[in-house]
Every structure is written in C-alpha cells, then in structure tokens.
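Below is one structure, written out as structure tokens; comments come after it.
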Amino acid sequence: MLTLTCPCCGVTAEETEFHAGGEAHLTRYGPGSDDTEFEGYLFMRENPKGVHFERWRHVYGCGKWFQVARCTVTLELFGAYPAQTTRPPQALQDTITAKRPGWSWNDIA
Amino acid sequence: MSEAGTHPGGHIAHITQAPAQGMITLRGDLSTSAVKNAATGVAAVDMPARGQANCVEDRGIAWMSPDELLVLCPYDTVEANVDKMRATLGDAHALAVDVSDARATFLVEGTHAREVLAKLAPVDLAPDAFVPGMFRRTRLAQVPAAFWMRDARTFQIVCFRSHAQYVHDLLKTAAAPGSAVAYFTG
Ligand SMILES: [Zn+2]
Chain A
1 MLTLTCPCCG VTAEETEFHA GGEAHLTRYG PGSDDTEFEG YLFMRENPKG
51 VHFERWRHVY GCGKWFQVAR CTVTLELFGA YPAQTTRPPQ ALQDTITAKR
101 PGWSWNDIA
Chain B
1 MSEAGTHPGG HIAHITQAPA QGMITLRGDL STSAVKNAAT GVAAVDMPAR
51 GQANCVEDRG IAWMSPDELL VLCPYDTVEA NVDKMRATLG DAHALAVDVS
101 DARATFLVEG THAREVLAKL APVDLAPDAF VPGMFRRTRL AQVPAAFWMR
151 DARTFQIVCF RSHAQYVHDL LKTAAAPGSA VAYFTG
C-alpha cells in the first residue's frame, strides 16, 4: 500500500484517502492536432518498471490535485509537487537520480 | 484502566448525535484580510493554522483546504452571520454559504474514543500524533468525514447529513461492547 503526503494540506495518509488520477504530464491534444497526436493522448501511456509520475487527488481530504513521483517496483515515494507544473521540479529529479541512477521517463531525465 | 461497559449499552465509548450546529462554508483566498475578518468576526476565535481548528463551545473555525474554512456558530445565528460575512467580504472573490442542514455532528467520548476512530479512518490516532487543536478531513469507512478533539477524550465528527445514519451505525459498531483493543491505552 502507498503512503502519500499531500503537498496542499500536509496530511500523510495511505492511498485509500486519495484517488489515483493516472499518468502525469500528458499533453492534451485537441482541435487542430493530427490523428497520431490525438490517438497518443487518448490511448498511449507509460508503463514503467521503476520511476513513474502520476496525478493524485486528495479526495477525502482537502480535495486538491497534486502530482507524485514514485517507484512502481518498491512503492517508494520520491516526492509530491503541485498540479500546476508541466515538468517535475529539478530538485525532485535530482533526488530520484540519487536513488535510481540512470532513470528515465518519457522525455524526462 | 479499562472503562468498557460504563457507557450506555456497554459500548466502549459514548456516542451521541450532537444538537444542530451552525456551519458556514467560506471559500476564498485565506491570506486576505477580508476573508480572515469574515471568519474571525463571526466565530470570535483566531484564524487556525493549516490543518488546525480553533473551537470554543459551539463557535469556531476549521481549516478545510488551502482555500476553504468551516466556520462554526450557534445554529440560530447562522442566517445573520452569513449576512455579516458577506458584508465583511464586500467585493472580495469569495463565497459564504450556510451548510448547517447539510451536515450531521457526532460526539465520541471516553478513554477508548481514539480507538473507535482508529478502527474507521486511515489516520494516525496515537496520543502523540493526533492532539486537540488538530483538524482532519478523511473518511470513516466508506464516507467522507472530518473530526477534531474537543478535549483529550472527546472527538467531534462532522459528516454529510445523508450519511448520518451510516456514520451512527458505523460508530456504534466500532464501539461495540467487548471490542476494546486498548492499543492506545495499554
Ligand atoms: Zn490534501
């Protein structure tokens, strides 16, 4: 079971107080995009063994969305950061690099 | 130091539905003086810090989220207090709404009160981890709820009124006679 700390209200709780919101940092292709871009936005997802970035909502708590970096193998949480961010903060990427040298995710790392 | 059996029905804690409590949801930028004054002017307590509640009898302010407060006041003063808050807010981008009748309030009292809550919520309720002054929005089994401690042995719980019967039954079950684990009391 995951233990998450919400960066909006500071509460630490296990995952049942939260709701998973899927992969972070999707580009939402809409009108004007081509079929390949739109198909990628709708259907193509990362499925890593290791470092992953996700959106979560503190649904039973403060109600806010935020983003999380975690390891899909060990369930270790590397950190949480605001939803209003299109890339993980550099400090968090450095933390991950210290723990998982050579990691990469999508076009990040 | 077990007091199991001393509560009505032999339950390990005393569970009561509290009388109607005035509750006003106030949303806005909590760092602005308009929003702070709207809350403190009605509740007559200080602004709580993040994750905290300041409550005195049936008045108080609870920190709900980075842009939301729950303001408590006597039930029969809610209407006047909402008007007062709106006057204080003026043109500020904020919202004050009477939610008193949308909520139900319960009290859980006794030495094992922590234990009753700990059976139902994913919250660390150890005596040194959850203390009076803190305010926690979470879930009780399958429904949203919020609680704080009125004193060292009394929890006050707020839930949606439509969940009141469920929460009542849930608390009674978690406090069933003979169900004390005494995890926190030794
Ligand atoms: Zn939160």
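Protein chains in written order, with our numbering: chain A, 1 to 109; chain B, 1 to 186. Just so it is clear, CB atoms sit at the ideal spot from N, CA and C, and this is done for glycine as well.
When the beta-carbon positions are compared, A24 (chain A) and E54 (chain A) come within less than 8 Å of each other. Put simply, the residues with a CB less than 6 Å from any heavy atom of ligand 1 are A:C6, A:C8, A:C9, A:V11, A:H58, A:G61, A:C62, A:K64, in chain order. When the five nearest sequence neighbours on each side are left out, the beta carbons in the same chain lying within less than 7 Å of the beta carbon of P7 (chain A) are those of F66, A80, Y81, P82, in order along the chain. When secondary structure is reduced to three states using DSSP, M1 (chain A) falls in the coil class, being assigned neither helix nor strand. Scanning the segment 58-138 of chain B for uninterrupted alpha helix (DSSP H) segments of 4 residues or longer gives 78-89, 113-118, listed from N- to C-terminal end.
The C-beta distance from M47 (chain B) to A39 (chain B) rounds to 7 Å, short enough to fall under 8 Å.
Around the beta carbon of L140 (chain B), a 10 Å sphere encloses 16 or more other beta carbons of the protein chains shown; the residue is thus reported as buried.
Short of 7 Å from the beta carbon of V56 (chain B), and not among the five residues preceding or following it, lie these beta carbons of its own chain, in chain order: V45. When the beta-carbon positions are compared, P177 (chain B) and G9 (chain B) come within less than 8 Å of each other.
By the C-beta density criterion, S65 (chain B) is buried, having at least 16 other C-beta atoms within 10 angstroms. Between G50 (chain A) and T72 (chain A), the C-beta gap is smaller than 8 Å, which places the two residues in contact. DSSP places Q17 (chain B) in the strand class (E or B) of the three-state scheme.
Shown here, D169 (chain B) sits in a helix according to DSSP, grouped into three states. Here T111 (chain B) is buried: its Cβ has 16 or more other Cβ atoms, across all protein chains shown, within 10 Å. Residue range 35-43 is occupied by the alpha helix (DSSP H) that includes E39 (chain A). Boundaries for T97 (chain A): no beta strand (DSSP E) harbours it, while the alpha helix (DSSP H) harbouring it runs 90-99, taken from the DSSP string.
From the beta-carbon of V123 (chain B), the residues of chain A found nearer than 9 Å are V11, A13, E17. The beta carbon of R153 (chain B) lies closer than 8 Å to those of E109, G110, T111, A113 in the same chain, with the five residues before and after it left out.
When the beta-carbon positions are compared, R27 (chain B) and A94 (chain B) come within less than 8 Å of each other. Taking C-beta atoms as the reference points, F130 (chain B) and L171 (chain B) fail to come closer than 8 Å. Within its own chain, the residues whose Cβ lies closer than 7 Å to the Cβ of A20 (chain B), once the five positions on either side in sequence are excluded, are Y75, S100, listed in chain order.
For G186 (chain B), the three-state secondary structure derived from DSSP is coil. A residue is called buried once 16 or more other Cβ atoms fall within 10 Å of its Cβ, and H19 (chain A), having fewer, is exposed. Across the segment 60-81 of chain A, CB contacts with chain B closer than 7 Å involve Y60, G61, C62, G63, K64, in sequence order along the chain. In this structure, the alpha-carbon of T25 (chain B) lies about 16 Å from that of Q52 (chain B).
Contacts with chain A at 8 Å (Cβ-Cβ) include G51 (chain B).
As a beta-bridge residue in DSSP terms, E23 (chain A) pairs with A:E54. Under the DSSP definition of a beta bridge, L140 (chain B) partners with B:V143. CA-to-CA, the gap between S31 (chain B) and R59 (chain B) works out to about 21 Å.
Rounded to whole angstroms, the separation of the alpha carbons of T5 (chain A) and N47 (chain A) is 23 Å.
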